[in-house]
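In what follows, a single structure is set out as structure tokens and then discussed.
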Amino acid sequence: MISTSTIREKMELYVQLVNKRDIKAILELYAADATVEDPVGVEPLQGIEAISRFYREGLGQSEASAEQTGDVRTTISGEGAIPFQVKVTFEGRPCVITVIDVMQFNDDGKITSMKAYWSQDNLEVLA
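Counting in UniProt numbering, the sequence shown runs from 1 upward without gaps.
Laid out in structure tokens, this is it:
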């Protein structure tokens with residue numbers, strides 16, 4: 001079983017990599033058959049190819065930055081949650097999205113599931 005400290009480290013690293021827009025390193029955090037549901041409620045993406053396309057078309061096409069806004073919460077069953085903000089340009093306007101990502105990890109420390117909890121209510125257009 002993956003340790004809670006490893007979960008915490010991996011989740012904090014994920015936000016740092018999003019901030020750097022390091023798609024290659026982000027993808028290395030995922031298991032080959034992982035799923036991504038971003039935001040929760042859309043059809044989940046399955047497999048590293050679909051997840052790669054998601055990051056390349058989203059993060060790779062923006063000037064996004066990310067900052068962790070609270071502590072990682074972990075479980076003894078291989079899951080964790082992390083609050084953070086993503087600053088992006090949306091329709092030519094600077095915005096900030098407040099997100100909580102929930103991730104599940106396998107015993108090898110790879111993400112098997114990522115769910116991003118946010119909606120229009122969590123998107124703020126900056127002046």
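For glycine and all other residues, C-beta sits at the position ideal for the given N, C-alpha and C.
Keep in mind it's a predicted model, so treat the numbers as computed, not measured.
*asked:* Just verifying my parser: in three-state terms, what is the DSSP assignment at residue 60?
replied: In the structure shown, residue 60 sits in a helix (DSSP, three-state: H, G or I).
*Does the Cβ-Cβ distance between residue 17 and residue 7 come in under 8 Å?*
No; because the gap between Cβ atoms is not below 8 Å, this pair is not in contact.
_Taking contact to mean 3 or more Cβ pairs, one atom from each stretch, closer than 8 Å, check whether the region 23 to 40 and the region 65 to 85 are in contact._
Fewer than three Cβ pairs drawn from the region 23 to 40 and the region 65 to 85 lie within less than 8 Å of each other, which leaves the two stretches out of contact.
*Should residue 104 and residue 79 be called a contact, given that it needs their Cβ atoms to be closer than 8 Å?*
If you check the CB distance, residue 104 and residue 79 come in under 8 Å.
_Output needed for residue 113: all residues of its chain with C-beta closer than 6 Å, excluding positions within five of it in sequence on either side, in chain order._
If the five residues before and after residue 113 are omitted, its C-beta is found closer than 6 Å to the C-beta atoms of 35 and 104, all from its own chain and listed in chain order.
*residue 20 by DSSP, collapsed to three states: which one?*
DSSP places residue 20 in helix when its eight states are reduced to three.
*Evaluate residue 76 with the Cβ neighbour count: other Cβ atoms within 10 Å of its Cβ, from every protein chain shown; 16 or more gives buried, anything less gives exposed.*
With fewer than 16 other Cβ atoms within 10 Å, it is exposed.
*Using the Cα positions of residue 51 and residue 121, report the straight-line distance between them to the nearest angstrom.*
The C-alpha of residue 51 lies about 25 Å from the C-alpha of residue 121.
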